[in-house]
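> With the first letter of the sequence shown counted as 1, position 295 gets the number 297 in this note's numbering; the numbers rise by one all the way through.
This is the structure I want to talk about, given as structure tokens.
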Amino acid sequence: MSQELHRSVLLREAVDALVTDPGGLYIDGTFGRGGHSAAILERLNENGRVLAIDKDPDAVTYAKERFAGDPRLSIWHGSFADMDRAAATEVGRVTGVLLDLGVSSPQLDQAERGFSFMQDGPLDMRMDTTSGISAAEWVNTESEAELARVFKEYGEERFARRMAGAIVRRRAERPFERTLDLAEVVKEANPAWEKGKHPATRVFQAIRIHVNGELEDLRQALEKSIELLAPNGRLVVISFHSLEDRMVKRFIRDKERGPTLPRGLPVMDSQIVKTLRAVGKAVKAEAEELGENLRSRSAVMRVAEKLGTEGAG
């Protein structure tokens, strides 16, 4: 199994930024294979706790096995978009929320999960294999226009319409069931391959984001993290593509500025309710990690702190 081969990106940097109280309650919104959760627990005392969340049933099973002897960690099966439900049974305010938005290595490495365009497997791509529609169901039934929209919006694919057309023409003859079959059709429809990047990369990213509702989940999770965090609590988010990072960057910026008010309204800056402040600048992996872990090349970490009542207006 590839569980132990998974390396958490920006591990030290994330935990350094997140853990401000060794007796606090921390939410690891994407448990994966527990790299971040384990590192957080190392910083906590006997009163500290970690609430781990993951959509993937395999990750939940793994968490229960790996941390069976540590009562400080509890695992909840579901999306981090529902972290308020997950935290409902916990006592006390949340000290920190960590969201590592990358797909874990075991998910990519297991061909049967259907995430990879490099290995042949069933075209699935669901993080939670117990619910939702698979990538195959979506690709084989969605309209050409909607396929193109998703490829362009979520994959930032400039040849989205060409690829959508190729998929629709091929599925009329035979439906898509396997990852390499879809990757080959997309590859042939791509007239300009990027150096060092598989021609189906952006389409597979777009389908994964859409099937799993990743951006909507992130939007909800960011809002709910603010509700759950105690004053001075930290929000740490590690993004792996520009769509996610832009959303996180804008969210922090908007919460720093406070709500937009009508022009000319006689309101002093001190009266505007601001809920967050950015902590430092965006963090990227250092040379040593880049050399050891290719996944870290695209990682961007942003940190924010929830303001206390004195900073909230």
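From the three backbone atoms N, C-alpha and C, an ideal C-beta is built for every residue, glycine too.
#1: With 16 other CB atoms within 10 Å as the buried threshold, where does Lys2 fall?
#2: Go through its chain and collect everything with a Cβ distance to Asn214's Cβ below 6 Å, but skip five positions before and after it.
#3: Give me, in chain order, the residues of the same chain whose beta-carbon lies closer than 8 Å to that of Ala168; leave out the 5 immediate sequence neighbours on both sides.
#4: In angstroms with no decimal places, state the Cα-to-Cα distance between Ala40 and Arg163.
#5: Which whole-angstrom value is the C-beta distance of Ala88 and Val238, which I expect to be below 8 Å?
#6: Taking the alpha carbon of Leu103 as the point to measure from, which residue in Leu43, Thr277, Phe153 and Glu218 has its own alpha carbon closest?
#7: Could you tell me whether the stretch 49–65 touches the stretch 30–37, where touching means 3 or more Cβ pairs closer than 8 Å?
#8: Just to confirm, is the Cβ distance from Ile209 to Trp140 under 8 Å?
#9: If you drop the 5 nearest sequence neighbours on each side, which residues of the same chain put their C-beta closer than 7 Å to that of Val285?
#10: With a CB to CB cut of under 8 Å and the five nearest residues on each side skipped, what residues in its chain are close to Val281?
#11: Counting only the same chain and skipping the five closest in sequence on each side, list residues whose C-beta sits under 7 Å from that of Arg74.
#12: Unbroken beta strand (DSSP E) runs of length 3 or more, entirely within the stretch 7–81: which are they?
#13: Skipping 5 residues on each side, what residues in its chain have a beta carbon closer than 6 Å to that of Leu224?
#14: I think Ala166 touches Ala150, with their Cβ atoms under 8 Å apart; what is that distance to the nearest whole Å?
#15: Along the chain, which unbroken stretches of the alpha helix (DSSP H) at least 4 residues long are found entirely within the stretch 214–250?
#16: Between Val96 and Leu27, is the Cβ-Cβ spacing less than 8 Å?
#17: Do you know how far the Cα of Ser241 is from the Cα of Asp247?
#18: Please confirm whether Pro233 and Leu309 have their CB atoms less than 8 Å apart.
#19: Please classify Pro24 as buried or exposed, where buried requires at least 16 other C-beta atoms within 10 Å of its C-beta.
#20: Out of Gly71, Glu159, Arg221 and Leu278, point me to the one whose CA is closest to Leu231's CA.
Taking the definition as stated:
#1: Lying before the first or after the last residue shown, residue 2 is absent from the chain, which here runs from 3 to 315.
#2: Met129
#3: Val187, Val188, Glu190 and Ala191
#4: 44 Å
#5: Ala88 to Val238, Cβ: 17 Å. No contact.
#6: Glu218
#7: yes
#8: yes
#9: Leu12, Glu15 and Met303
#10: Ala19, Arg236, Val305, Ala306 and Glu307
#11: Leu43, Leu46, Gly50, Arg51 and Val52
#12: 27–30, 51–56 and 75–79
#13: Phe253
#14: 4 Å
#15: 216–230
#16: yes
#17: 5 Å
#18: yes
#19: exposed
#20: Leu278
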